[in-house]
Amino acid sequence: MARLNDDGQWIVLMGFLISIALLFLMLIVSQATLVGQTTAEGVLEFPKHEIRDLRGQVIDSVGEGEFTRDISEDIRLLSLERNHALVQIDKEPGPLGTVMITIRFNNGVTIYEETLLI
Amino acid sequence: MRRDDGVSEAIGFILIFSIVVIGIAIVILYGLPLIIAGQGSADMRNMEQTMIVLQNDQKSLSYKMVPYKETALQVSGGTLHVTGVSGVFTVSYSDPDGVLRTLPSYEPGQIRYTSDLDRSRVAIENGAVVTRPGFAPGSAMLAEPRWYVDDHQTVTLIISFISFDTDRDRTLAGVGRLGMKSVSAKLNTTEYQVFPGTIEIGYTPHPEEDYSVAWENYLIGRLGMHSTGADSYRHPNAARLIVKETVIQISGF
């Protein structure tokens, strides 16, 4: 009698290794949602379309010679009401009969400023 | 020849078996509370994420003219509660003629999650995600509201109040939907000309839902305001004040 049977030691060893692997996987999974959320949020926040619309509108009305104080005020009020953004458009005469327009857009997250010669 | 007359498989088995049983007992005695606490904090973190998603929905409704948003969410390890009760914000300023004006106060209401484990909370109050421990003072802001200062030519302070309109208090535990609709008739943006440095914002916390530390840190740290007494803050040089009011109607669950 009295002979130790140690053929099953690998089972214990495998169990040990698998449990450590599971621990690491758990750590990775618990961090994953956090990263995804912040990235998605950053992409959503950027006001690309708002700035494009604003630029397009200003360039159009300056090109057609219709850009007045009233239109500038309308654009400002609409931006504030709809996009929660402060917009300021300044018009100055530029060189050689051009018009120099400065557009400034600030919605609390993104500040955008551009000077155009039209 | 090896002398192993004293070695017995039965004794060895009993020894190893008892070590295993003692190990399990120690895990249950000391480890289980840790596991439960870990589950509780995982639930809490999960809800923090959900609240940030809900806050994004609110931002879309308030600042992007989106009419309706619906989010499916799972509330585990606690309850989600929508209520009209919260801290109260007051705004006062003096106009360039020196007349002191006080705007009607805002009680925006809360979407609040209370953990079953230790009663700690995470809530959306006035567009900000705030959290506080269950039985201890103090609070923190996890995600900020969209208030800002623009100092291009005139220093302008833009603040927005997002209130909830619930016809009744609502409670959710488990899986549910939360629909949010912006009440366009109550959407309002007003501009005020201000004598520079006279805008005062007051926050009166609800006695049981006190997030004053979070709001204090936000107003002082991010908006550059100064404290002028208990829960009252003044902006040093803003000459224009823009107040945006949004009312969001909550439906679902």
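Top to bottom, those sequences are chains A and B. Heads up: the first sequence at position 49 corresponds to 54 in my numbering, and the numbers run straight through without jumps. Heads up: the second sequence at position 106 corresponds to 654 in my numbering, and the numbers run straight through without jumps. Where is the CB? At the ideal position from N, CA and C, for every residue including glycine. Being a predicted model, the structure only gives us computed values, none of them experimental.
Short CB-CB distance (under 9 Å) between residue i and chain B
{"i": "residue 78 of chain A", "result": "no"}
{"i": "residue 68 of chain A", "result": "no"}
{"i": "residue 93 of chain A", "result": "yes"}
{"i": "residue 57 of chain A", "result": "no"}
{"i": "residue 35 of chain A", "result": "yes"}
{"i": "residue 114 of chain A", "result": "yes"}
{"i": "residue 60 of chain A", "result": "no"}
{"i": "residue 74 of chain A", "result": "no"}
Of the residues the options, the one placed nearest residue i, counting alpha carbons only
{"i": "residue 757 of chain B", "options": "B/772, B/673 and B/717", "result": "B/673"}
{"i": "residue 717 of chain B", "options": "B/682, B/602, B/626 and B/798", "result": "B/798"}
{"i": "residue 749 of chain B", "options": "B/555, B/735, B/671 and B/776", "result": "B/776"}
{"i": "residue 108 of chain A", "options": "A/71, A/58, A/17 and A/31", "result": "A/58"}
{"i": "residue 671 of chain B", "options": "B/694, B/595, B/665 and B/730", "result": "B/595"}
{"i": "residue 695 of chain B", "options": "B/702, B/706 and B/685", "result": "B/706"}
{"i": "residue 587 of chain B", "options": "B/626, B/573, B/620 and B/558", "result": "B/626"}
{"i": "residue 599 of chain B", "options": "B/781, B/801 and B/659", "result": "B/659"}
{"i": "residue 704 of chain B", "options": "B/681, B/742, B/632 and B/682", "result": "B/742"}
{"i": "residue 105 of chain A", "options": "A/94, A/78 and A/84", "result": "A/94"}
{"i": "residue 560 of chain B", "options": "A/15, A/20, A/23 and A/10", "result": "A/10"}
{"i": "residue 123 of chain A", "options": "A/65, A/84 and A/24", "result": "A/65"}
{"i": "residue 51 of chain A", "options": "A/63, A/97 and A/90", "result": "A/90"}
{"i": "residue 55 of chain A", "options": "A/71, A/92, A/24 and A/101", "result": "A/92"}
{"i": "residue 647 of chain B", "options": "B/724, B/687, B/747 and B/782", "result": "B/747"}
{"i": "residue 792 of chain B", "options": "A/98, A/86, A/26 and A/113", "result": "A/86"}
{"i": "residue 113 of chain A", "options": "B/773, B/710, B/699 and B/558", "result": "B/699"}
{"i": "residue 782 of chain B", "options": "B/663, B/745, B/755 and B/789", "result": "B/745"}
{"i": "residue 635 of chain B", "options": "B/789, B/801, B/773 and B/764", "result": "B/764"}
{"i": "residue 677 of chain B", "options": "B/554, B/710 and B/735", "result": "B/710"}
9 Å Cβ cutoff, residue i in contact with chain A
{"i": "residue 595 of chain B", "result": "no"}
{"i": "residue 698 of chain B", "result": "yes"}
{"i": "residue 793 of chain B", "result": "no"}
{"i": "residue 590 of chain B", "result": "yes"}
{"i": "residue 695 of chain B", "result": "yes"}
{"i": "residue 708 of chain B", "result": "yes"}
{"i": "residue 701 of chain B", "result": "yes"}
{"i": "residue 613 of chain B", "result": "yes"}
{"i": "residue 790 of chain B", "result": "yes"}
{"i": "residue 679 of chain B", "result": "no"}
{"i": "residue 739 of chain B", "result": "yes"}
{"i": "residue 704 of chain B", "result": "yes"}
Contact belief for residue i with residue j at Cβ below 8 Å, rounded distance in angstroms
{"i": "residue 760 of chain B", "j": "residue 751 of chain B", "result": "6 Å"}
{"i": "residue 728 of chain B", "j": "residue 606 of chain B", "result": "7 Å"}
{"i": "residue 512 of chain B", "j": "residue 675 of chain B", "result": "In the structure displayed, chain B extends from 549 to 801; residue 512 of chain B sits before or after that span and is not available."}
{"i": "residue 656 of chain B", "j": "residue 712 of chain B", "result": "7 Å"}
{"i": "residue 661 of chain B", "j": "residue 669 of chain B", "result": "6 Å"}
{"i": "residue 611 of chain B", "j": "residue 111 of chain A", "result": "With a Cβ gap of about 13 Å, residue 611 of chain B and residue 111 of chain A do not count as contacting."}
{"i": "residue 619 of chain B", "j": "residue 601 of chain B", "result": "6 Å"}
Burial state of residue i (16 or more Cβ within 10 Å)
{"i": "residue 641 of chain B", "result": "buried"}
{"i": "residue 119 of chain A", "result": "exposed"}
{"i": "residue 795 of chain B", "result": "buried"}
{"i": "residue 786 of chain B", "result": "buried"}
{"i": "residue 550 of chain B", "result": "exposed"}
{"i": "residue 592 of chain B", "result": "buried"}
{"i": "residue 778 of chain B", "result": "exposed"}
{"i": "residue 723 of chain B", "result": "exposed"}
{"i": "residue 637 of chain B", "result": "buried"}
{"i": "residue 819 of chain B", "result": "The structure shown does not extend to residue 819 of chain B, since chain B is modelled only from 549 to 801, so the question has no answer here."}
{"i": "residue 578 of chain B", "result": "exposed"}
{"i": "residue 624 of chain B", "result": "exposed"}
{"i": "residue 680 of chain B", "result": "buried"}
Cutoff 9 Å: residue i Cβ touching any chain C Cβ
{"i": "residue 85 of chain A", "result": "No chain C is present in this structure, whose protein chains are A and B."}
Notebook entry, point to check: Could you give the uninterrupted runs of the beta strand (DSSP E) lying entirely in the region 670–704 of chain B, keeping only those of 3 residues or more?
Noted result: Counting only runs of 3 or more, we get 676–680, 688–691 and 696–698.
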